Amino acid sequence: MILAVAALLVLSLVILYESCRKTFSHEYPLPPGPKKLPIVGNLFDVPKSGRVWLEYAELSRRYKSDIIHLGALGNSIVILNSARIANELLDKRSSIYSSRPSTVMLGELTGWGSVFAFRPNDDLWKAQRKIMNQAMPIGESQRFHPMLIRVTQDLLRDLPHFDILESLHTWAAVLIMDATYGFNTEEAKAYLPTAKVATESVVIAGTPGAFYVDQFPILKYLPEWFPGAGFKRKAREWSDMRSKMTEEPFRLTKERVAMGTARPSLASDALEQMDHDQDLVKQEEVIKATSVAAYGGGSDTTVTALQSFIWAMLMNPDVQTNAQHELDQVLGVGNLPSFNEEASLPYITAVVRETLRYNPVAPIGVPHKLTEDDIYEGFFLPKGSVIVPNVWSMLYSVEDYPQPHLFNPSRFLDANGNINPKVKNPAASAFGFGRRICPGKSIALASLWIAVASILSCYSIEPELNENGKPNKPQTDSGLTLLNQVPPFKCRFVPRSKEIEVFLGLDSS
Ligand code: HEM
């Protein structure tokens, strides 16, 4: 058995050598990048974990180019370190830049490959994306406003009592489960533990380079008991979780649609609109996969963004004071915001933008795949290349955002304190590009805006006190994973008035 595996590995290396030679030779040069070694190419230059976006940005500085090429084991990787290039390729040439690379660990072994976020741009991707766009049209979030306000008020009640992350996970799960399956708060909470493990597994299994089976797909044939094949056991456990997260909420919604008791939602609306002259099982599979994509895509991302906001307020008390001053002037102390006040609260909008910019949730976006050979600014970009938009680099561009390492919402305002349309909105990069742009962008922005405005109108976010009654210094370190989470931290949510305490039921007198 071991000999057979070794022979297969040698054969893969020979095939790889041939494919590298063919893929990378062209009359135009590849974009700049570190020198490639025979066969393995830049295998040792490809950052595999930690803050890979910083290493990609460094390559741009070293090779004086915002477009970088890495080749590893026959794979061509193109890093885009500027918004201009990302817009020119991923937006303007999106017909050939909108596929996804296939992944063995995530797509095949863990089974996420049927879900459109990880599919190539085939008919199944189009069918799922269509359902998602109908349920959550980009640029339109009004239909969700009453639900967002209700769920955010529950968050306000939870914050002083529970761990921050736990409260935020509940908030995100409830709002996404309501929009996707029409579930109420208690039902949504019941799925939290499964969904948490399943979404974490996506981040781990989807980390480029985390599993050798992605570089050597032949390893997927190893039996689970084989030494070193622990990844197969892990993949089976994760696949079971994925299946649970996919099947159970869908089955419940389907039963409710049949009984006529379903609340409007992505899944129930799509089930009701099925074409009964076509294959119903196939249509159900499409709806099921779309629903789990919405849930998976929307939960950890919004949690991470709101967690970053709370952390930023702790680190920048002046910003918090400015935001509360604006809220008090527009709403009066002790009143909660609604979406009607959005246009009158530009500083709050600026805080949301700065949160998305300063600590981007997906600092290297989600990789695209190029489906045709292309030439760009005299460089050859081979068909099949994995395209990595380095969103962090774009949002830390000194030209677009002077002094990018400062958390400064005022950079988005003009001299009159209004949103300055000349300053690039970070949402243009933070939610991805072209035909793959995040379909949850509008609901995500609306949920962040109402949460930021509501939290700041009710609470002052203050450091924890130590045993001597002195404030603990908040940590200053930043994220480590693909989803750019700030490290766990503690803080106090201090009600800003007696009225707020009474309204939120926090008043014990
Ligand atoms: C702060 C919150 C969010 C951020 C920063 C974010 C960011 C992103 C990014 C960067 C992508 C990849 C786009 C590309 O490939 O170019 C993406 C895709 C996606 N997002 Fe979001 N997202 C957020 C919230 C949401 C929400 C609330 C939902 C669901 C309601 C959602 C569902 C999805 C789905 C399904 C995809 C895959 C789209 C496809 O491959 O066609 N996201 N998101």
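First residue of the sequence shown: 1, per the UniProt record's numbering; consecutive thereafter.
Beta carbons are placed, not taken as given, at the ideal position from N, Cα and C, and that holds for glycine.
Keep in mind that this is a model prediction, so the values were computed, not measured.
Hey, would you say the C-beta of residue i is under 7 Å away from at least one heavy atom of the ligand HEM?
i: P47; result: no
i: V361; result: yes
i: H368; result: yes
i: R143; result: no
i: F211; result: no
i: P223; result: no
i: T199; result: no
i: T103; result: no
i: T302; result: yes
i: residue 512; result: Limits of the chain in this structure are 1 at one end and 509 at the other, which puts residue 512 out of reach.
i: R436; result: yes
i: I131; result: no
i: A294; result: yes
i: M241; result: no
i: F309; result: no
i: M136; result: yes
i: A188; result: no
i: S439; result: A small correction: the amino acid at residue 439 is Pro; Ser does not occupy that position in the sequence shown. At least one heavy atom of the ligand HEM is nearer than 7 Å to the Cβ of P439, so yes.
i: F412; result: no
i: G139; result: no
i: G298; result: yes
i: I85; result: no
i: residue 511; result: Since the first residue of the chain shown is 1 and the last is 509, residue 511 is not available in this structure.
i: F183; result: no
Identify the continuous alpha helix (DSSP H) that holds residue i and give its terminal residues.
i: Y63; result: 52 to 63
i: F379; result: Careful: F379 lies outside any alpha helix (DSSP H), inside the beta strand (DSSP E) at 379 to 381.
i: D158; result: 145 to 158
i: F250; result: 230 to 259
i: L271; result: 266 to 272
i: V197; result: 192 to 205
i: V351; result: 346 to 358
i: I131; result: 123 to 135
i: E342; result: No alpha helix (DSSP H) holds E342; DSSP gives it neither H nor E.
i: V361; result: That residue, V361, is in no alpha helix (DSSP H); it is neither H nor E in DSSP.
i: residue 516; result: Lying outside 1 to 509, the shown extent of the chain, residue 516 is not represented and no answer is given.
i: S429; result: 427 to 430
Here's the rule I'm using: 16 or more other beta-carbon atoms within 10 Å means buried, otherwise exposed. How should residue i be labelled?
i: L482; result: Note that L482 scores a pLDDT of 45, beneath 50, so its modelled location is shaky; the value from the coordinates is reported in the next line. The residue is buried, with at least 16 neighbouring Cβ atoms inside 10 Å.
i: G260; result: exposed
i: E354; result: buried
i: H368; result: buried
i: K282; result: exposed
i: L37; result: exposed
i: R62; result: exposed
i: L280; result: exposed
i: D178; result: buried
i: N408; result: buried
i: K498; result: exposed
i: Y401; result: buried
i: G297; result: buried
i: E326; result: buried
i: W225; result: exposed
i: L480; result: Note that L480 scores 40 on pLDDT, short of 50, meaning its location in the model is unreliable; the coordinates nonetheless yield the value given after this. With fewer than 16 other Cβ atoms within 10 Å, it is exposed.
i: P487; result: exposed
i: Q278; result: exposed
i: D300; result: buried
i: T349; result: buried
i: A258; result: exposed
Could you tell me the boundaries of the beta strand (DSSP E) in which residue i lies?
i: N322; result: Per DSSP, N322 belongs to no beta strand (DSSP E); it is in the alpha helix (DSSP H), 317 to 331.
i: I419; result: Careful: I419 lies outside any beta strand (DSSP E) and carries neither H nor E.
i: P404; result: From DSSP, P404 is part of no beta strand (DSSP E); its letter is neither H nor E.
i: I386; result: Ile is not the amino acid found at residue 386; the sequence shown has Val there. Run containing V386: 386 to 389, per the beta strand (DSSP E) assignment.
i: Y376; result: 374 to 376
Per DSSP, residue i is paired with what?
i: D214; result: Per DSSP, none; premise fails for D214.
i: N75; result: A72
i: Y459; result: P495
i: D277; result: Looking at the DSSP assignment, D277 forms no beta bridge with any residue, so it has no partner.
i: G469; result: Note: G469 sits in no beta bridge, so no partner.
i: I67; result: L80
i: S99; result: K369
i: L413; result: I419
i: L448; result: Paired residue(s): none; L448 is not in a bridge.
i: L37; result: G41
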